[in-house]
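Undergrad:
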Amino acid sequence: MVKKIALIVFGVVLLGGIGFALWWVNEREREVDVPKESFIPYNSAVVVNVNANANLSSKIAIAFDREIKTFRESMLCRVVDTLKQASQVDTSSYVMAIRVEGKQSIRFLYVLNRSGLFSRGDVHAFLQKMFAGVQVKERKYNNQKIYLASRGKDEVCYAVVGGMVLVSNSELYVEDAVNQLSNPGEDEKDGAPRFKNVNRYFSAGAGLNVFLNTTCFSDLLPLLLQKDFIAKQTNIAKWFKWGALDGEIKPSGVSFNGFVHYDGLKAAFPVAFKGQLPQDSKLDAVMPANVKSVSILALNDVKNYLASLEAYRYGAGQIENVRKRKQEFARLFGDKLEEEWQALLKGEWGKGTLSYDASRKQEEGIVVVHVKAGSLARGLLEKMMKTYASKSGTSETSLYRSFALDKDKKVSYFKMPVPDFAGVMWGYVLGGIATNYVLVEDNYVVFASSERGLQAFASDYMRRLSVREQEWYQKLRTKLSSKFNWMYLSEMVSMLPYYEQVTKGTLRELLERNKEGMEVFSSLGLQWVCEGDMLYHTLFLSTEEVEQKQAQVMWQTRLDARMSMKPAIVVNHNTGERELFVQDEGNTIYLINDVGRILWKLPIEGKINSEVYQVDMFKNGKLQYLFSTPSHLYLIDRNGNYLPRFPLAFKSPCEQGISVADYENNKNYRVFAPGVDHHVYLYELSGNFVKGWDVPKSDNDIVSKIYHFRVDGKDYLVYADQYRLYILDRKGKERVKVSTLLNLSGNTPLYLTRQDGQMKIAFSDINGEIVLVDFRGRVERVKGEKMVGGGILNVEDINSDGQDEFVYSRKDLLCVYDVQGKLLLEKCWENAELSFPYVYRFSARDSRIGVMDGKGERLFLLDMKDVSKGFPIRGNSPFSIAFGDKGNAGFYLFAGSDGTHLLKYRVLR
């Protein structure tokens, strides 16, 4: 019995010993407490820690499918993928390092944690099996075995060291990794922090942790990018010592955020930012809407920046060339030029690229300088031009230019004698765009490479239109900080020719091979914020789709208050051009030309409650504007002046608004004004009452305007009070008696409609029923499904069948009915507050309904099938539509929007 127990104890001890031995050997293999970061050679240019949550988005994976497949077919990638798929290595995270070997060879090193499930021998055996039939060389280096497998020119080197698996397409890189572990002193060669001790700059939850070593900027970047890709006359390879960034790959895009260090580098342009506080710049609000890229420099201490800029230029070896140019400027323009400009600077500069000519490697665009006093800046420029003309023998008048922004406004500017003024004076980060022309608008000095650039700025600035309105810019800007020192944003597709020019080597080849794939990136944003001796860096590559809008904003004009009416499209009788007449909620009226410039504005008493009629009072072809408010009748000429006797106070307030008839089209206008005293007054255009008018009186409050209908050669004047419909002749006497009692709400519109070949008057009552009255006084009713009280009715032929339909809106519901009340169309926009359903006729067979959602500030345009492409668009007023020239596939839409603005859209059909 004792012997048996002894044998059992001995067996347990033996098994335990064997288990312990195996555990001890495995742990020895792992070389405990040696992290994978310790294997990274000190001269690696870029080191990326790839965490488990880092995966390419489906958009990027699809766009670059061919490139990804090609990369995965390399021996290097196949080894790494196979090890992970077989769980031979930990798949939660790994490190990838990149460096340059020789002159132009870019090499990769993967450092992977060996899985605890397999021993070092297991991994060796697995790889040997994988390379069966492939030539594999084995050799020892620093007491470690290194293997080199080759297949033609493709090769991969690997080693299993302790708990790590090293895989590279360079045998030398693996040797350095092994040597790095044996000689940790190599890690401190130049005093820059290495990957293992910059983890404090990283976020633990980031998908990628990226360390940029000094050699990244000195060795790797020059192989991929032109040294001056950010700014001409600069060398970005000398700008930074190291950087630590967190990377994220999300459905909306790819971002890298973190710090880059530049302290101690004499040729580093970011030295010029030192001590600057981040600013909340508004300069993008004056950049033209069609710029393809925008860069903004925003600083709080101009004097310090300019002094630091000089120090940088000295360190970068630029100072002699810069001083020569400044001396030349002083000779051409005056001795104290630099000091005079410095005194005017606000600390904001912006650069906008309008286009890029790849064949000439030339940008067209503008440079905007924010100054303290535009008038003083203009005076300084005038003095510069005068001095230049005197010293160069040039005619001073030849330097003064102007262009017509429209028929009424000219913009003056100067021909700038030097093309590099902004870059020399304030930094080459503003270079790349020639300063051939310059103008001053308010407190902005605008340099441009071409007169077209100045015109783009002036036109958009006058109409308060900017790049801020562009969808690509809006989406990208939200991904970046509101405060910064330098920022660059671009629309990727438009700027791809530029990026192809500033890239080199394999990166340029990648772009050229994948022009279509690059379209997955809609925009690019780069931002720097000064943080002591470092810059906080943000880069964002957006993959959010930017819709090619059917509706493009042509211009926007700011009013004093929100617009309160549907824009009235009127005609300039001098030129025949289209103009707009509008009123805002402050009761100011405006005349605005077709490029968005306010020709005049005039405050009036009360809100316009009628159409704006153009009349020819003097029968000489010169038109005036006639309209009403509840208290007055207005008649104004096209220059904004009242005609004699106007504004004319009504005898009784006219709550429903006037209407105008010209019976014989001979300009003998009749102005109908229904009064709150139940009388209908008739005025001549002179303001006198029409003689012979019977001054009819209603039984109750009048709830409609006075309508003039001509049927079978006879004139009918029609209006309604709460309970009756009145049909009169020209003299105001009853022509047709309607005996049926009605029940109508206030502001009831009346329509002349053809139903079953007969002309009838149509309107809706307080219960939502459609009432039809013929010209014998007979009444019939149509009840449409879902028609209840409180809705708004319009009557038009929507489906081009020769018979009018009933268009009805109420709250969030829009319906169309036929003459029997059958529902033809129903649209519901949840929580909307729909306005009057206007109908717009595009052709004989194309009519569409337009409504405004007042709550959501949206404009809808739809036919009998669906909402028109590109709609809804933003807007906070009913809209008017005008058509362009023949052959133009689009139309123009005018509406209030964005608070107090009037917008002109161009809409593709």
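Under my numbering, the first residue of the sequence shown is numbered 2, with each subsequent residue one higher.
Don't be surprised by glycine CBs; every beta carbon is placed ideally from N, CA and C.
1. Once the 5 residues before and after L377 are set aside, which same chain residues still bring their CB inside 7 Å of it?
2. If we count the other Cβ atoms within 10 Å of its Cβ and call it buried at 16 or more, is K887 buried or exposed?
3. Please name the residue, chosen from V613, S524, V583, D617, that lies closest to W601 on a Cα-to-Cα basis.
4. Let me make sure I understand the geometry here. Which of G526, M493, K505 has the alpha-carbon closest to that of G518?
5. With distances taken from CA atoms, which of S294, R639, E311, L826 is nearest G366?
6. By Cβ distance below 7 Å, which residues in the same chain neighbour D918 in space, the five residues on each side in sequence not counted?
7. Decide yes or no for the touch test of the region 114 to 128 against the region 65 to 76: beta carbon pairs closer than 8 Å, at least 3 of them.
8. Looking at the unbroken beta strand (DSSP E) that takes in K141, where does it start and where does it end?
9. Are V372 and G351 touching if we call contact CB-CB under 8 Å?
10. May I ask which residues mark the beginning and end of the alpha helix (DSSP H) holding K936?
11. Would you check if the region 797 to 812 and the region 836 to 847 touch, i.e. whether three or more CB-CB distances between them fall below 8 Å?
12. Among the candidates R711, K411, K327, G433, whose CA atom is the shortest distance from the CA of L355?
13. Got a sec? Which residues, its chain only, sit under 8 Å from R598 by beta carbon, not counting five neighbours each side?
14. Where does A896 fall in DSSP's three states?
15. Going by the beta-carbon positions, is the gap between V783 and V840 smaller than 8 Å?
16. Are at least three pairs of beta-carbons, each pair with one atom in the region 46 to 62 and one in the region 207 to 219, less than 8 Å apart?
17. Where does S450 sit, in a helix, a strand or coil, going by DSSP?
18. Are at least three pairs of beta-carbons, each pair with one atom in the region 92 to 100 and one in the region 137 to 147, less than 8 Å apart?
19. Return helix, strand or coil for G463, following the three-state DSSP convention.
20. What did DSSP end up calling A390 once you bin it into helix, strand or coil?
21. Assign R152 to buried or exposed, taking buried as 16 or more other Cβ atoms, counted over all protein chains shown, within 10 Å of its Cβ.
22. R907 by DSSP, collapsed to three states: which one?
23. Nearest-angstrom Cα distance between E452 and V412?
24. With distance defined between alpha-carbon atoms, name the residue in Q553, C158, N575 nearest to Q625.
25. Which residues in the same chain as F21 place their Cβ atom closer than 6 Å to its Cβ, once the five residues preceding and following it in sequence are excluded?
26. Compute the beta-carbon to beta-carbon distance between G785 and Y818, rounded to the nearest angstrom, for a pair I have assumed lies under 8 Å.
27. In terms of DSSP beta bridges, what is N210 paired with?
28. Taking the beta strand (DSSP E) that M493 falls in, what are its first and last residues?
29. In three-state DSSP terms, what is D358?
30. Taking W473 as part of the alpha helix (DSSP H), name the residues at either end of that continuous run.
31. Would you mind reading off the limits of the alpha helix (DSSP H) that contains A312?
32. The beta strand (DSSP E) with P604 in it runs from where to where?
33. If L490 and G526 are in contact, beta carbons under 8 Å, what's the gap, nearest whole angstrom?
34. With distances taken between CB atoms, is the gap from G417 to F458 smaller than 8 Å?
35. Leaving out five residues on either side along the sequence, give the residues of the same chain with a beta carbon under 7 Å from the beta carbon of L23.
36. How many whole angstroms separate the CB atoms of T388 and G335, which I take to be in contact at a CB cut-off of 8 Å?
TA: Reading from the atomic positions:
1. L345
2. Per-residue confidence for K887 stands at a pLDDT of 47, beneath the threshold of 50, marking its modelled position as unreliable; the derived number appears in the next sentence. The residue in question, K887, is exposed, as its Cβ has fewer than 16 Cβ neighbours within 10 Å.
3. V583
4. M493
5. S294
6. Residue 918 falls outside the range modelled here, since the chain spans only 2 to 910, and no answer is possible.
7. no
8. 136 to 142
9. no
10. Lying before the first or after the last residue shown, residue 936 is absent from the chain, which here runs from 2 to 910.
11. yes
12. G433
13. L406, D407, D409, K410, M463, R464, T558
14. strand
15. no
16. yes
17. coil
18. no
19. This sequence places Met at residue 463; Gly is not what is there. Helix.
20. helix
21. exposed
22. strand
23. 11 Å
24. N575
25. Confidence at F21 is low in this model, with a pLDDT of 44, below 50, so its placement is unreliable and the value that follows should be read with caution. If we look at F21 and ignore the five residues flanking it on each side, it has no Cβ neighbours.
26. 4 Å
27. N50, D247
28. Note, M493: premise wrong, no beta strand (DSSP E); alpha helix (DSSP H) at 493 to 503.
29. strand
30. 472 to 478
31. 303 to 316
32. 599 to 604
33. 5 Å
34. In the sequence under discussion, the amino acid at residue 417 is Met, which differs from the Gly named in the question. The answer is no: Cβ separation not under 8 Å.
35. Its pLDDT being 43, under 50, L23 is placed unreliably in this model, and the coordinates cannot settle the point.
36. 5 Å
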